[in-house]
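According to numbering that gives the first Met the number 0, the stretch in the sequence shown is residues 0 to 87, in order. Just so it is clear, CB atoms sit at the ideal spot from N, CA and C, and this is done for glycine as well.
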Amino acid sequence: MAESGGEPTNHDIMNCLSAIKCRLDTVEKKLSSITKLEERFSSFEKDIKCMCLALETRIKGVEQRVDRLEHVADVTSRVEHLEKEREN
0 MAESGGEPTN HDIMNCLSAI KCRLDTVEKK LSSITKLEER FSSFEKDIKC MCLALETRIK
60 GVEQRVDRLE HVADVTSRVE HLEKEREN
């Protein structure tokens, strides 16, 4: 502060403003980093959603194939059972 103990000098004010500017610059850098991370996570989230949809589609296809195979196995089992009954 000023040597007279009164009001601060222009130099004191400039020093204070410089310190505030440095702090604001630091905060701005951190906010910029956070924004970049948010963008990355948003992109990552979209990719995960696409992968989930692709998996769900494949799962449905596999379930349909399994259902068809189970039906074929059931029919085959019935046919074998009927053939055995006819032989007896």
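In the structure shown, residue 8 falls within a coil segment according to DSSP collapsed to helix, strand and coil.
The three-state secondary structure of residue 14, taken from DSSP, is helix.
Across the structure, residue 76 and residue 68 are spaced so that their CA atoms are roughly 12 Å apart. Put simply, the backbone Cα of residue 63 is about 10 Å away from that of residue 57.
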